[in-house]
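Peer 1:
There are 4 protein chains.
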Amino acid sequence: MRKTYKALQVSASGELELIEKKVQPPSSKQVLIEVEACGMCGADISDIDIAASSDVPRVPGHEVVGRIAAKGEDVPNCWKIGQRVGVGRLGGHCHECIQCRKGQFHLCTNQLYVGATCEGGYAEMMLVLHTGLIAIPDELSSEEAAPILCAGLATFNALKKSSAQAGDGVAILGIGGLGHMAVQYARKMGFKVIAIGRGEHDVKDLRHLGAHLFIDAGRTDSIDQLKSAGGVQAIISTVPTASDVAPFLSTLSPQGKVILLGAGKATLEISPGGLVGGERCVEGSFTGTPYETERALDFSVLFEVIPKVETTPMYLANEALAKLRAGKVNYRMVLIMRKELHADCS
Amino acid sequence: MRKTYKALQVSASGELELIEKKVQPPSSKQVLIEVEACGMCGADISDIDIAASSDVPRVPGHEVVGRIAAKGEDVPNCWKIGQRVGVGRLGGHCHECIQCRKGQFHLCTNQLYVGATCEGGYAEMMLVLHTGLIAIPDELSSEEAAPILCAGLATFNALKKSSAQAGDGVAILGIGGLGHMAVQYARKMGFKVIAIGRGEHDVKDLRHLGAHLFIDAGRTDSIDQLKSAGGVQAIISTVPTASDVAPFLSTLSPQGKVILLGAGKATLEISPGGLVGGERCVEGSFTGTPYETERALDFSVLFEVIPKVETTPMYLANEALAKLRAGKVNYRMVLIMRKELHADCS
Amino acid sequence: MRKTYKALQVSASGELELIEKKVQPPSSKQVLIEVEACGMCGADISDIDIAASSDVPRVPGHEVVGRIAAKGEDVPNCWKIGQRVGVGRLGGHCHECIQCRKGQFHLCTNQLYVGATCEGGYAEMMLVLHTGLIAIPDELSSEEAAPILCAGLATFNALKKSSAQAGDGVAILGIGGLGHMAVQYARKMGFKVIAIGRGEHDVKDLRHLGAHLFIDAGRTDSIDQLKSAGGVQAIISTVPTASDVAPFLSTLSPQGKVILLGAGKATLEISPGGLVGGERCVEGSFTGTPYETERALDFSVLFEVIPKVETTPMYLANEALAKLRAGKVNYRMVLIMRKELHADCS
Amino acid sequence: MRKTYKALQVSASGELELIEKKVQPPSSKQVLIEVEACGMCGADISDIDIAASSDVPRVPGHEVVGRIAAKGEDVPNCWKIGQRVGVGRLGGHCHECIQCRKGQFHLCTNQLYVGATCEGGYAEMMLVLHTGLIAIPDELSSEEAAPILCAGLATFNALKKSSAQAGDGVAILGIGGLGHMAVQYARKMGFKVIAIGRGEHDVKDLRHLGAHLFIDAGRTDSIDQLKSAGGVQAIISTVPTASDVAPFLSTLSPQGKVILLGAGKATLEISPGGLVGGERCVEGSFTGTPYETERALDFSVLFEVIPKVETTPMYLANEALAKLRAGKVNYRMVLIMRKELHADCS
Ligand SMILES: [Zn+2]
Ligand SMILES: [Zn+2]
Ligand SMILES: [Zn+2]
Ligand SMILES: [Zn+2]
Ligand SMILES: [Zn+2]
Ligand SMILES: [Zn+2]
Ligand SMILES: [Zn+2]
Ligand SMILES: [Zn+2]
Ligand SMILES: [Zn+2]
Ligand SMILES: [Zn+2]
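Chains as they are written, first to last, in my numbering: chain A, 193 to 538; chain B, 193 to 538; chain C, 193 to 538; chain D, 193 to 538.
1. Using beta-carbon positions only, say whether residue 488(D) and residue 278(D) come within less than 8 Å of one another.
2. Apart from the five residues just before and just after residue 210(A), which ones in its own chain have a Cβ nearer than 7 Å to its Cβ?
3. With DSSP collapsed to three states, give me the class of residue 514(B).
4. Whose C-alpha, out of 315(D), 349(D), 444(D), is nearest the C-alpha of residue 416(D)?
5. Under three-state DSSP, which class holds residue 193(B)?
6. Taking just the CA atoms, how far does residue 367(B) sit from residue 386(B)?
7. Which runs of the beta strand (DSSP E) spanning at least 3 residues fall entirely within the segment 247-292 of chain D, listed in chain order?
8. Report the option in 453(B), 407(B), 465(B), 292(B) whose CA atom is closest to the CA atom of residue 464(A).
9. Should residue 194(D) be labelled buried (16 or more other beta-carbon atoms within 10 Å of its own) or exposed?
10. Under 9 Å between beta-carbons, which chain A residues line up against residue 482(D)? List them in chain order, please.
11. Could you pull the start and end residues of the beta strand (DSSP E) that residue 429(C) belongs to?
12. Which chain G residues are close to residue 380(C), counting only those with a beta carbon under 8 Å from its beta carbon?
13. Taking Cβ positions only, does residue 521(D) come closer than 8 Å to chain C?
14. 8 Å is my cut-off, CB to CB: does residue 534(B) come that close to chain A?
15. Report the CB separation of residue 236(D) from residue 258(D) in whole angstroms; it is logged as a contact under 8 Å.
16. Could you give the residue range of the beta strand (DSSP E) that holds residue 364(C)?
17. Select from the segment 411-436 of chain C all residues with a C-beta closer than 8 Å to any C-beta belonging to chain A, and list them in chain order.
18. Using a Cβ-Cβ distance cut-off of 8 Å, determine whether residue 537(D) contacts chain A.
19. Checking 8 Å against the spacing of the C-beta atoms, do residue 380(A) and residue 451(A) come in under that value?
20. Taking 6 Å as the limit, tell me which residues put their C-beta closer than that to any heavy atom of ligand 10, in chain order.
21. Which residue marks the beginning of the beta strand (DSSP E) containing residue 448(A), and which one marks its end?
22. Do residue 233(A) and ligand 1 come close, with the Cβ less than 7 Å from some heavy atom?
23. Taking 7 Å as the line, does the beta carbon of residue 254(C) fall inside it for any heavy atom of ligand 6?
24. Output yes if chain D places a C-beta closer than 8 Å to the C-beta of residue 238(C); else output no.
25. Beta-carbon of residue 297(C) versus every beta-carbon of chain B: anything under 8 Å?
26. State the beta-bridge partners of residue 214(B) as determined by DSSP.
27. What are the start and end residues of the beta strand (DSSP E) that includes residue 225(D)?
28. Quick one: which residues of the segment 249-270 of chain C get their C-beta closer than 7 Å to a C-beta of chain B? List them in chain order.
29. If you run the structure through DSSP and keep just helix, strand and coil, what is residue 417(D)?
30. Closest by CA to residue 424(B), which one among 473(B), 300(B), 482(B)?
31. Check each candidate in 256(C), 290(C), 285(C) and name the one with the smallest Cα separation from residue 482(B).
32. Just the C-alpha distance for residue 535(D) and residue 315(D), rounded to the nearest angstrom, thanks.
33. Quick one: which chain B residues come within Cβ less than 7 Å of residue 214(D)?
34. At a cut-off of 7 Å, would you count residue 342(D) as near ligand 9, judging by its Cβ distance to the nearest heavy atom?
35. Can you tell me whether DSSP reads residue 476(A) as helix, strand or coil?
36. Using a Cβ-based criterion (distance less than 7 Å to any ligand heavy atom), does residue 524(A) qualify as near ligand 1?
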């Protein structure tokens, strides 16, 4: 096995620095992964900004797909050397805390957050706790699978928790990395899909992804448009700023639900009258477990729900990051670690 | 049958005026009720204030129990002359709108709101649409049954919708007319009951009602107290001001739920982080159907969940109203219409 | 308006007799429908057999689509003369019984069963209680809409009650009128669809309807095949003989559910060990309400779930019935009442 | 630490033989428990009968409470030497199989069944996998806690899964070890409790346990009695013979549920008509996880739901077993391992 590997580490200036790191052997409960692809998620931006202002060097990235190169002695036999696996935002649960004993692993109070509280996947190699591992189906390439591990999972699970029934109207608020997965999943789950984005989106593209209707949130009459389309039973909000959600509460049908995916900083101001009079609900959904991620992957295979990605080699990561910060990525950017791609940067 | 009856009508000054009104025969879908008791709900205050500043005279009151004195020709046979019945906030649904066709009668878009958009029960006689009628079990006196029609129903249903499971901690926020019913119901449904009130409450009284723990919301460490008691799976908020609820969100266990009962004017400011990270939820619950009210009444009989009431004759209604406005009622005030009680005022 | 209309009435020999009946005006709560199409459901066979051995003449048929020709004075305004409407098995609920007051109209204890306890739609005209009416969307022809009113509704609702989640395996047992709708709905709702039929079905046809996999129940290894495909989270049984369902219980995943649609005569023998050890469940689902039927129709429009029908004019009804009895119908037979089609038989 | 301990091992004749066994140190994932009490469950009879006819010696018992005497190196820190803990039927899940990864630990496919596939608690010492451990609250004595680990848990969980709502009628079928816990839990959860037993039960006793009504299943009119009491929304069946359940299906309200706890040998014959027409359901419930057992224990403490037990020292185990086989135990027999109790038998 190789002795060193390349990784993109956050510098004090908030740039990604391509460095050479020494390969560490996995601890007893870890596997060492040879990374093939890592999606660049919106949350990476705040991870990078936080890391830049801290003293701890950090490799970001939490949509990681690769192959197991080595494994610790306590890693279960189901995980094999050479197997293609992934890890998302959740770096492995403890099996000991209350949430774990309830079986709610994604709410584990000892969870590592990949790319935030432990090293992430903007790198050729990465160590992962086996409880965080996700099996990747053969039908998906690594760059297709990677965005499903965070963006796909988050929206797939939110839709399952939405209480919306077949044929109900479901609005997807925000059409980026998460939203474009939500539109596809929602369509294939049998919802009437209303995509709510900002004008720059190609309506034809959204229709192809599965939206029955597109509403431009930038227009002053967007709320009225949605209401006149009959309102919706659920709103899946993928936008980072909660205050952008509030105006849409009035378009919820009675007993409808808003599901928030992005935490953001902004507070959400709700008029209780709308909640009470129509028995509406505002709820958070938080990523999901490895088992659930495998179900999202299986669904993607079975129903051909494939992320739309742009790929970039490691040595162009800062350009990709700039595009991400500018909101110019065409749905999802994925870093590719294949050696031939960065030969010239070594 | 008598030709006239006494009623308490809202005057321009926001007082209750004891007037004599002509008895009207019921329309084909109505019954005429001889009222025996009518609870005075917190919502009556705003009904009265709104009526005072409008041109339409209004009789308030939406926790009405009485006997059927006459019925229209289209009223189903299950309702009998002489039968004791009640009506709560919802004055009768239409059976035709979308919500009615879904079976969600309490969300009927053609609903009358008793005491607000149609005449209420601060009166000796009252007309009610038969779809709003509730059968009253013999085991309850009229003054005991009346507060169950709004305060009891609202909290009974909220607890059923709370998703809390047997043994889970449930906080009751606000210990007045609604809250003191919520505490009793919650205890008898098998929850760990935490009553959150303002210092003036007698802790012994609350313990007798069923609270396992009492927390004084007026103390600066009330949030910490609740957290150190292990947090709660659900919060049933009966307070009118939503902003009083926000601080308690942080005491909710993961996947916990806040249920709002009071709409109020104030907005609720929520930090999305708490909702998303712990998959928490803020939800409204809106009174309930006549069928559900009968279930609340049956439960009250079976488990001896009886409202604590002060009673007042009609001619002292303004004194009772003043006490209600001052928040000095000992849980629930109920107007009693028995003739002997107002003989002297005629 | 015409004075008489043609109807197919059950004779003592169990044949359908084309007779001329006098048009009756609707009662106050009824509409008179000019029938355009009526599906022939498997349940019609037993309706016909029962009627044949009784003294009461009966017109069968409970998948009826037509236009309102006249309406009683108490019929709500939302139903208009000339509007295209339908009625399924449930002939109108009472709004007064316990189930109606709960909002569970399909379980109304005073319900009429169309074609069984009241006149059905194998006729040019038919009287229907307004509470049984279903609005038909313009996008569907009458012969496409008719089978949705029983076969479509039953399977659409069963799938919604199945507790299966997006991507879960769902087996459709029996691929006839109901089953071919179930396969389509299940696919469009995001399930992994396993169709279980008898050899005669064209596998290509089933794949086109949406089945991911076809299993021939006639083969001795059908259970093993299903198990090796990973089992299923739900089984929707459309077969009339419950005993044909029992062997498939062993293919249910833990916490899986069997939903029975057909009551039949045969009893179902269950080994409790399988239910208890894997927390499995056997459940009945019973058609649905008019509101739910409209949701099934909307879903059919939005996701192009269209029944495959053979049509027949009234004067060939006995031939169609013979085909139905023989199990030779290509998914669904629909009677067409357009005048030009039976001119020659008058 | 002592070198040997006493255990009750099944002999070829199906008796319990008091033997001396060598203490084994725990493996890395086990704890060694010094047993204080072990309930005698109905399932022990079949465990004993199976062990008697097999070559493998077996110590039965799966309601075990004791103190941790030693622990393996991989046992989490939350489990302390000297701590009082318990183990029920489930001897520890694997954390690796599909059900474990779903968080459904009680359905783990690698589970050990205490007293059946691994050594049980009719002994002074016992080894337990740490994933099977349950913390015992101080408020309960060991003999009170023991029966909660199987009988209490099974019925507590079944009631939580029953879908019955506060005030709904719930029938408890079979009033023995499980049934007498079910009656208490059901009452404290707010159900209308109907106990269905065989004549020998003291009605006063059942009323004290919380039953609102007692029905003698041995009387020919028991079904009619239950129907005239208004039927029930759920039936919790604790009887070993499923065929004894079938007659009661007809007393289930529409959308009601039967929950089976005992697997037994007999098959259950269901008439599909009753399931379909009323949308009823027959479901299995299978014990529960350690986390859920702790919730049952907490509930028992909070609401004073205490098993009624007879206790017996180890040297009288065969007499106790005979009583159990004869159905003569007064609710629950518990073996007590305190040394002073068996001094005379050494
Ligand atoms: Zn992410
Ligand atoms: Zn944990
Ligand atoms: Zn009120
Ligand atoms: Zn309505
Ligand atoms: Zn919610
Ligand atoms: Zn049918
Ligand atoms: Zn009815
Ligand atoms: Zn079920
Ligand atoms: Zn047991
Ligand atoms: Zn397992």
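All C-beta atoms, glycine included, are put in the ideal place defined by N, C-alpha and C.
Remember, predicted model here, so these are calculated numbers, not experimental data.
Peer 2: Taking the definition as stated:
1. Your numbering for residue 488(D) matches position 296 in the fourth sequence. Your numbering for residue 278(D) matches position 86 in the fourth sequence. No, these two residues do not count as a Cβ contact at 8 Å.
2. Against the first sequence, residue 210(A) aligns to sequence position 18. If we look at residue 210(A) and ignore the five residues flanking it on each side, its Cβ neighbours are 198, 200, 506, 507, 537.
3. One-based indexing of the second sequence puts residue 514(B) at position 322. Here residue 514(B) sits in helix by DSSP.
4. As a working mapping, residue 416(D) is identified with position 224 in the fourth sequence. Nearest of 315(D), 349(D), 444(D) to residue 416(D), Cα basis: 444(D).
5. Here residue 193(B) corresponds to residue number 1 of the second sequence, with the count starting at 1. The answer is coil: DSSP assigns residue 193(B) none of H, G, I, E or B.
6. For the purposes of this step, residue 386(B) is taken as residue 194 along the second sequence, with counting starting at 1. For the purposes of this step, residue 367(B) is taken as residue 175 along the second sequence, with counting starting at 1. Rounded to the nearest angstrom, the two C-alpha atoms are 11 Å apart.
7. Taken in chain order, the whole beta strand (DSSP E) runs of length 3 or more contained in the segment 247-292 of chain D are 256-263, 276-279.
8. Here residue 464(A) refers to the residue found at position 272 when the first sequence is read from its first residue. Closest by alpha carbon: 453(B).
9. Position 2 of the fourth sequence, counting from 1, holds the residue named residue 194(D). The residue in question, residue 194(D), is exposed, as its Cβ has fewer than 16 Cβ neighbours within 10 Å.
10. Translated into positions along the fourth sequence, residue 482(D) becomes position 290. Near residue 482(D) (Cβ distances below 9 Å), the residues of chain A are 293.
11. Along the third sequence, read from residue 1 onward, the residue named residue 429(C) stands at position 237. Segment 424-429, the beta strand (DSSP E) holding residue 429(C).
12. Absent from the structure: chain G. Protein chains present are A, B, C and D.
13. Counting from 1 along the fourth sequence, the entry for residue 521(D) is found at position 329. With 8 Å as the cut-off, residue 521(D) does not count as an interface residue toward chain C.
14. Taking the first residue of the second sequence as position 1, residue 534(B) is located at position 342. Any reading at residue 534(B) must be qualified, since the residue scores a pLDDT of 47, below 50, and its modelled position is unreliable; the value itself is stated next. So, not an interface residue.
15. As a first step, residue 236(D) must be located in the fourth sequence, where it is residue number 44. As a first step, residue 258(D) must be located in the fourth sequence, where it is residue number 66. Actually they do not touch by this definition, with Cβ atoms about 17 Å apart.
16. Working through the third sequence from its first residue, we reach residue 364(C) at position 172. Taken as a continuous stretch (DSSP letters only), the beta strand (DSSP E) holding residue 364(C) covers 361-365.
17. none
18. Position 345 of the fourth sequence holds residue 537(D). Its pLDDT being 41, under 50, residue 537(D) is placed unreliably by the model, and the measurement read from it follows with that caveat. Residue 537(D) does not count as touching chain A.
19. In the first sequence, residue 380(A) corresponds to position 188, counting from 1. In the first sequence, residue 451(A) corresponds to position 259, counting from 1. No; because the gap between Cβ atoms is not below 8 Å, this pair is not in contact.
20. 285(D), 286(D), 288(D), 289(D), 291(D), 292(D), 300(D), 301(D), 302(D)
21. The residue labelled residue 448(A) in the question sits at position 256 within the first sequence. That run of the beta strand (DSSP E) goes 444-452.
22. As a working mapping, residue 233(A) is identified with position 41 in the first sequence. At least one heavy atom of ligand 1 is nearer than 7 Å to the Cβ of residue 233(A), so yes.
23. Position 62 of the third sequence, counted from the start, is the residue given in the question as residue 254(C). Within the cutoff, so yes.
24. If you number the third sequence from 1, residue 238(C) lands on position 46. Not one chain D Cβ lies under 8 Å of residue 238(C).
25. Indexing the third sequence from 1 puts residue 297(C) at position 105. It does: the Cβ of residue 297(C) has a partner Cβ on chain B nearer than 8 Å.
26. For the purposes of this step, residue 214(B) is taken as the residue at position 22 of the second sequence. Residue 214(B) is bridged to 196(B).
27. For the purposes of this step, residue 225(D) is taken as the residue at position 33 of the fourth sequence. Looking at the DSSP string, the run of the beta strand (DSSP E) that includes residue 225(D) is 222-232.
28. Contact residues of the segment 249-270 of chain C toward chain B are 268, 270 (C-beta to C-beta distance below 7 Å).
29. Counted from its first residue, the fourth sequence places residue 417(D) at position 225. Three-state DSSP puts residue 417(D) in a helix.
30. Counted from its first residue, the second sequence places residue 424(B) at position 232. Nearest option by C-alpha distance: 473(B).
31. Here residue 482(B) is taken as the residue at index 290 of the second sequence, counted from 1. The candidate whose alpha carbon is nearest that of residue 482(B) is 290(C).
32. The count along the fourth sequence starts at 1 and reaches residue 535(D) at position 343. The count along the fourth sequence starts at 1 and reaches residue 315(D) at position 123. Unreliable positioning characterises residue 535(D) in this predicted model, as indicated by a pLDDT of 42, which lies under 50. A coordinate reading is not provided.
33. Working through the fourth sequence from its first residue, we reach residue 214(D) at position 22. In chain order: nothing, as chain B lies at least about 41 Å away.
34. Translated into positions along the fourth sequence, residue 342(D) becomes position 150. Checking every heavy atom of ligand 9 against the Cβ of residue 342(D), one is found closer than 7 Å.
35. Locating residue 476(A) in the first sequence gives position 284, counting from the first residue. Reduced to three states, the DSSP call for residue 476(A) is strand.
36. Position 332 of the first sequence holds residue 524(A). It does not: the Cβ of residue 524(A) is nowhere closer than 7 Å to a heavy atom of ligand 1.
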